[in-house]
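Engineer:
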Amino acid sequence: MAIATMTTPLPISFFPILLLIPAVCFTICHANSNLLCIQSEREALLKFKHHLIDPSNRLSSWVEGGDCCEWTGVVCHNSTGHVNKLHLAAPLSEPDGFATNAEMEAYYNSRLGGKINPSLLELKHLSSLDLSYNDFNSIHIPKFFGLLESLTYLNLSGALFQGAIPHKLGNLSKLQYLDLRGNDLEPKSLQWVSGLSSLQYLDLSYANLSKAKDWIQVTFKHPTLLVLHLSGCGLEDDPSFNSINSSKSLVVLDLFRNRFSSVPKWIFSLHGLVSIDLSGNSLEGPIPDYFGNISFLEVLDLSWNHLNSSIPNSLYSLNRLQFLSLRETQLQGTISSSIGNLSSLTQLDLSENQLNGQIPLSIGELSSLKLFDVSRNQLNGQIPLSIGQLSSLEEFHVSENQLNGQVPLSIGELSSLKLFAVSKNQLNGQIPLSIGQLSSLEVFDVSENQLNGTFPLSFGRLESLEILDCGYNLLEGVDEYGSTLGLVTSIDLSANSLTGEIPKEIGSLVGLLSLNFSGNLLTGNIPDSIGSMELMESLDLSMNRLNGEIPLSFSKLNFLNHFNVSYNNLTGQIPTSTQLQSFENLSYFGNHLCGPPLTKNCTSKGMPIDVANNGSSREGSKWLPCFSSGLGGMHTIGSWTIPSYPGPIKTQ
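Mature numbering (1 follows the signal peptide of the UniProt record, and there is no 0) puts the sequence shown at residues -31 to -1, 1 to 621.
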């Protein structure tokens, strides 16, 4: 399913340029050659290894007397045997915040460190060197790299180098690709870039360029440069540059997360630009009309700024535009019907602004659209029927607006839809039967509306569904028994008007991690079968009319980190387990329970001393039959936030 990051992709027309980067797509580490490597080059590599720190013994194949062309990370020329590629990037990606200690340790141990021996100069035919995402903390980029005359590809990104960038790198006249992203670099000048006469790709992101006052003259006048990434470089406005006599080569300009207070005027001198990223700056004032003159533009990202203006009509003339993000820019006004002119658009993000008015019918003309996000605005009116024409749509985000009316039947035409998020609006009526046609649907969030009626039988056909959130509506039940939902991972039906018993079949949903039925009118006993859902992490049955005891099977729920059965009519002793005794008394409040963690003692029959067991009433289970078969793996817990469209990682 979708991942929680909003990103700026490369334009589609730029992809052929990647063919010019010889090492990007390499996944092999050995060359299949019958030739033994050159002895002098083998010795040079062993000297290089000797000065490295290798905690995980990645270079264990690098041994005296071996064929270096078969060593990990070494690629030799098939006919000459010369080493021409050295690919030693860290093999593991940096773990996320949920990584275990073991995963973190494995990641840190996978990175090479130490010193870089000048013996690499013996590799006269070395054309590609990749040391990215290793740990060369506290050392400078070696000056002798500028003597590796055959290099066409150099990737030192994320390797924790620091200090100045050696000017001798400017001697690498064959270099086409240079990535120094994510190091602690602080150059005082970029004049050395002028010497890289073959350079096509340059990434200096997160280097401190505040002292490199020549960055505009050097980079934009470079005759061969196609792609320039300068994210997070501390760049500011320079009023002395209103326009520049630049080459027409540059197609990708990335200035994400800098300190510009207005859109630099010199950008509009770069008529060949295909992609512009100015997101995460401090841009103020209206969006310039000049953007409409960059006729080749395919990607425009101005998100996370303070533009405080309406969308200019000039943007609607960019018929090549594929990606447009104006997310969180204090936009005002309406979405013009001219939006339908952007016939190439695949991703549109106007979320977290102050847009008002209605979603125009012309949105249905965007036949290539995959992502539509206008959440957290002040839009009103109905969801247009024309969304049914968006045959490529994968994500539909309109949560937190003032939309009314019904969920349109035409939603059933969206055969590619994976995420449908319309929470926190004023939608009414019933959930349409056509939902069952969405075979790719993974996330369905209609929470906090005024929907009523029953769940349609067709829900049972949603075999890809992972997250279902219908909480805080006026729903009463479901139709007759439906079929299996194979992948549901989270169910939230809280704060509705559901009645009857919780069906025992719900225990078949063994992959469920989060279940919330709080704030309904449910009666009867808690099904013992819920104890079979051993992966459960969050269970909330509070504020119902449930009676009987907490099933002993709950002692098997070893992964629970949220549990609430408060304000029911439950009686008896709380089952003993590591998890159930770890929750606060509030999780059990408003019942007639006894035993730890409560201070109230139980009788020998397992009842509170002051309460007799009056039994429990049972009603027919009619409200949730379409969830009565086994469901697979789940990974979302409790309340959740709708994720943004995936792409190359970039987080504000």
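In this text, a Cβ means the ideal position worked out from N, Cα and C, and glycines have one as well.
Computed from a predicted model, the values in this text were never measured in an experiment.
When burial is assigned at 16 or more other CB atoms within 10 Å of the CB, is S459 buried or exposed?
Structural biologist: Residue numbering aside, residue 459 sits at position 490 when the sequence shown is read from its first letter. Buried: at least 16 other Cβ atoms inside 10 Å.
Engineer: Among the residues of its own chain, which have a CB less than 6 Å from the CB of S9, if the five just before and after it don't count?
Structural biologist: As a position in the sequence shown, residue 9 is number 40, starting the count at 1. Excluding residues within five positions, the ones whose Cβ falls inside 6 Å are E91.
Engineer: Could you pull the start and end residues of the alpha helix (DSSP H) that T188 belongs to?
Structural biologist: Locating residue 188 in the sequence shown gives position 219, counting from the first residue. Start and end: W184 to F189.
Engineer: Assuming contact is defined by CB atoms lying nearer than 8 Å, are K98 and L117 in contact in what I supplied?
Structural biologist: Taking the first residue of the sequence shown as position 1, residue 98 is located at position 129. Taking the first residue of the sequence shown as position 1, residue 117 is located at position 148. A small fix is needed here, since residue 98 is Leu in this sequence, not Lys. A contact, by the Cβ cut-off of 8 Å.
Engineer: Can you check which of these residues, L437, E432, N533 and D509, is closest to V412 by C-alpha distance?
Structural biologist: By one-based count along the sequence shown, residue 412 stands at place 443. V412 has its Cα closest to that of L437, out of L437, E432, N533 and D509.
Engineer: Find the nearest neighbour of E445 within the set V457, E432, L431 and L420, judged by alpha-carbon distance.
Structural biologist: The residue you call residue 445 lines up with position 476 of the sequence shown. Among V457, E432, L431 and L420, the Cα nearest to that of E445 belongs to L420.
Engineer: Going by C-alpha to C-alpha distance, which of I304, L269, E297 and S524 sits closest to L287?
Structural biologist: Numbered from 1 along the sequence shown, position 318 holds the residue referred to as residue 287. Minimum Cα-Cα distance from L287 among the listed residues I304, L269, E297 and S524 corresponds to L269.
Engineer: Give a yes or no on contact between the region 107 to 122 and the region 20 to 39, applying the rule of three or more CB pairs nearer than 8 Å.
Structural biologist: No, the region 107 to 122 is not in contact with the region 20 to 39.
Engineer: Rounding to the nearest angstrom, what Cα-Cα distance links L290 and D183 in this structure?
Structural biologist: Along the sequence shown, one-based indexing puts residue 290 at 321. Along the sequence shown, one-based indexing puts residue 183 at 214. So the two alpha carbons sit approximately 31 Å from each other.
Engineer: Secondary structure at N106, three-state DSSP: helix, strand or coil?
Structural biologist: As a working note, residue 106 is residue 137 in the sequence shown. In the structure shown, N106 sits in coil (DSSP, three-state: anything other than H, G, I, E or B).
Engineer: Based on Cα-Cα distance, which residue from V367, D104, S360 and N47 lies nearest to E321?
Structural biologist: On the sequence shown, residue 321 is found 352 positions in, with the first residue counted as 1. Comparing Cα positions, the closest option is V367.
Engineer: Kindly indicate which residue of L125, G559 and E63 has the alpha-carbon position closest to the one of L55.
Structural biologist: Here the question's residue 55 lines up with position 86 in the sequence shown. Ranking L125, G559 and E63 by Cα distance to L55 puts L125 first.
Engineer: Out of E72, P87, A59 and S88, point me to the one whose CA is closest to L81's CA.
Structural biologist: Stepping through the sequence shown from its first residue, residue 81 is reached at position 112. When only C-alpha atoms are compared, the closest one is A59.
Engineer: Report the CB separation of G493 from L515 in whole angstroms; it is logged as a contact under 8 Å.
Structural biologist: Start at 1 with the first residue of the sequence shown, and residue 493 comes out as number 524. Start at 1 with the first residue of the sequence shown, and residue 515 comes out as number 546. Yes, G493 and L515 are in contact; Cβ-Cβ is about 7 Å, under 8 Å.
Engineer: Applying the criterion that 16 or more other CB atoms from any shown protein chain within 10 Å of the CB defines a buried residue, is N554 buried or exposed?
Structural biologist: In the sequence shown, counting from the first residue as 1, residue 554 sits at position 585. With fewer than 16 other Cβ atoms within 10 Å, it is exposed.
Engineer: Rounded to the nearest angstrom, how far is the Cβ of residue 622 from that of S511, given a contact under 8 Å?
Structural biologist: Residue 622 lies beyond the range of the chain shown here (-31 to 621); nothing can be said about it.
Engineer: In the structure shown, what three-state DSSP assignment does Q375 receive?
Structural biologist: For the purposes of this step, residue 375 is taken as residue 406 along the sequence shown, with counting starting at 1. DSSP places Q375 in coil when its eight states are reduced to three.
Engineer: Can you tell which of K234, L224 and G127 has its C-alpha closest to the C-alpha of L199?
Structural biologist: Along the sequence shown, one-based indexing puts residue 199 at 230. For L199, the nearest C-alpha among the options comes from L224.
Engineer: With a CB to CB cut of under 6 Å and the five nearest residues on each side skipped, what residues in its chain are close to N310?
Structural biologist: Within the sequence shown, numbered from 1, the residue matching residue 310 stands at position 341. Cβ neighbours of N310 beyond the five flanking positions: Y285.
Engineer: Thinking C-alpha only, which one of S248, L456 and L123 is nearest L173?
Structural biologist: Against the sequence shown, residue 173 aligns to sequence position 204. Closest by C-alpha distance to L173, out of S248, L456 and L123, is L123.
Engineer: Taking only the alpha-carbon atoms, compute the straight-line gap between S546 and S294 and give it to the nearest angstrom.
Structural biologist: Translated into positions along the sequence shown, residue 546 becomes position 577. Translated into positions along the sequence shown, residue 294 becomes position 325. Taking the straight line joining both Cα atoms gives about 49 Å.
Engineer: Starting from R11, trace the alpha helix (DSSP H) both ways and give me its first and last residue.
Structural biologist: As a first step, residue 11 is located in the sequence shown; it is residue number 42 there, counting from the start. Its alpha helix (DSSP H) spans residues Q8 to H19.
Engineer: Helix, strand or coil for F341 per DSSP?
Structural biologist: Counting from 1 along the sequence shown, the entry for residue 341 is found at position 372. Reduced to three states, the DSSP call for F341 is strand.
Engineer: Taking the straight line between their C-alpha atoms, what separation do you get for D318 and Q327?
Structural biologist: Sequence index remark: in the sequence shown, residue 318 carries index 349 (1-based). Sequence index remark: in the sequence shown, residue 327 carries index 358 (1-based). Distance between the alpha carbons of D318 and Q327 is about 16 Å.
Engineer: Going by the DSSP bridge assignment, what does A390 pair with across the sheet?
Structural biologist: The residue given as residue 390 occupies position 421 in the sequence shown. The partner list for A390 (beta bridge, DSSP) reads H366 and D414.
Engineer: Taking buried to mean at least 16 other C-beta atoms within 10 Å of its own C-beta, is R228 buried or exposed?
Structural biologist: In the sequence shown, the residue the question calls residue 228 occupies position 259. Of the other Cβ atoms in all chains shown, fewer than 16 fall within 10 Å of the Cβ of R228; this residue is therefore exposed.
Engineer: In terms of alpha-carbon separation, which member of L549, L362 and P520 lies closest to H531?
Structural biologist: Counting from one through the sequence shown, the residue named residue 531 turns up at place 562. That would be L549, whose Cα lies nearest to the Cα of H531.
Engineer: How far does the alpha helix (DSSP H) with N78 in it reach, from first residue to last?
Structural biologist: As a working mapping, residue 78 is identified with position 109 in the sequence shown. That run of the alpha helix (DSSP H) goes N70 to N78.
Engineer: Okay, do the region 32 to 39 and the region 64 to 84 touch, 3+ Cβ pairs below 8 Å being the bar?
Structural biologist: no
Engineer: Would you kindly report the start and end of the unbroken beta strand (DSSP E) that includes G493?
Structural biologist: Along the sequence shown, one-based indexing puts residue 493 at 524. Unbroken beta strand (DSSP E) run through G493: L490 to N494.
Engineer: Output needed for I(-4): all residues of its chain with C-beta closer than 8 Å, excluding positions within five of it in sequence on either side, in chain order.
Structural biologist: On the sequence shown, residue -4 is found 28 positions in, with the first residue counted as 1. At I(-4), the pLDDT of 39 sits below 50, so the modelled position is not reliable; the number obtained from the coordinates is stated separately. Correct list, in chain order: V44.
Engineer: For the beta strand (DSSP E) holding R514, just list the boundary residues, first then last.
Structural biologist: The sequence position of residue 514 within the sequence shown is 545, counting from 1. Unbroken beta strand (DSSP E) run through R514: R514 to G517.
Engineer: Quick check: the Cα distance between N465 and L252, rounded to an integer number of angstroms?
Structural biologist: Residue 465 sits at position 496 when you count from the first residue of the sequence shown. Residue 252 sits at position 283 when you count from the first residue of the sequence shown. Within the model, the alpha-carbon separation for N465 versus L252 is close to 44 Å.
Engineer: Going straight from the alpha carbon of M(-26) to that of S166, what length do you get?
Structural biologist: In the sequence shown, counting from the first residue as 1, residue -26 sits at position 6. In the sequence shown, counting from the first residue as 1, residue 166 sits at position 197. Caution applies to M(-26), whose pLDDT of 48 falls short of 50 and renders its modelled position unreliable; the model cannot decide the point.
Engineer: Can you tell me the Cα-Cα spacing of N527 and M502, whole angstroms?
Structural biologist: Counting from one through the sequence shown, the residue named residue 527 turns up at place 558. Counting from one through the sequence shown, the residue named residue 502 turns up at place 533. Near 10 Å, if we compare the C-alpha coordinates of M502 and N527.
Engineer: State the beta-bridge partners of G541 as determined by DSSP.
Structural biologist: As a first step, residue 541 must be located in the sequence shown, where it is residue number 572. Note: G541 sits in a beta bridge opposite L562.
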